[in-house]
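Data first, discussion second: the structure below is written as structure tokens.
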Amino acid sequence: MEKNPAPAIKRLKIIALLEGISFLVLLFIAMPLKYFADLPWMTKQVGMAHGLLFVLYVILVIEVKIVLDWSFRKTAIALAASLVPFGTFYINDKWITRK
1 MEKNPAPAIK RLKIIALLEG ISFLVLLFIA MPLKYFADLP WMTKQVGMAH GLLFVLYVIL
61 VIEVKIVLDW SFRKTAIALA ASLVPFGTFY INDKWITRK
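Position 78 (the sequence shown) corresponds to 78 in the UniProt record's numbering; numbering is contiguous.
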């Protein structure tokens with residue numbers, strides 16, 4: 001019996017979007033506020049949220065890899081995309097949304 005990929009794809013799509021947004025907020029809002037406005041609490045809060053979303057993104061990429069039988073290359077690119085600003089938005093648009 002085949003597993004329905006739709007729920008896994010939907011979860012990955014949502015988390016990829018949230019992870020990308022949290023990364024941008026961390027880089028372009030929280031970090032400048034920490035260093036230029038002396039507000040270190042912002043990086044702690046946003047950093048913890050981003051860390052949780054990052055871990056969820058990795059888990060969900062692995063789940064979708066199993067469900068959709070992604071190649072090692074495609075999985076590695078999806079995981080590496082989480083390390084680059086706007087990377088998860090690209091993966092979301094090119095691979096997840098169009099499946």
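Just so it is clear, CB atoms sit at the ideal spot from N, CA and C, and this is done for glycine as well.
Asked: What is the DSSP secondary structure of Pro32, reduced to helix, strand or coil?; Found: helix
Asked: In three-state terms, what does DSSP make of Thr88?; Found: helix
Asked: Rounded to a whole number of angstroms, what is the C-alpha to C-alpha distance between Ser82 and Leu56?; Found: 11 Å
Asked: Relative to the alpha-carbon of Met42, which residue among Ala76, Leu52, Val25, Pro5 has its alpha-carbon at the smallest distance?; Found: Val25
Asked: For Ala8 versus Val64, is the C-beta spacing smaller than 7 Å?; Found: yes
Asked: For Met1, I'd like the list of residues in its chain whose CB is within less than 7 Å of its CB, leaving aside the five on either flank, ordered along the chain.; Found: Low local confidence applies: a pLDDT of 38 at Met1 is under 50, so the model's placement there is unreliable, and no value is given.
Asked: Do the stretch 89 to 97 and the stretch 13 to 25 meet, that is, are 3 or more Cβ pairs less than 8 Å apart?; Found: yes
Asked: Mapping the DSSP letters down to three states, classify Leu17 as helix, strand or coil.; Found: helix
Asked: With burial defined as no fewer than 16 other Cβ atoms inside 10 Å of the residue's Cβ, what is the status of Lys13: buried or exposed?; Found: buried
Asked: Got a sec? Which residues, its chain only, sit under 8 Å from Trp95 by beta carbon, not counting five neighbours each side?; Found: Lys74, Ala78
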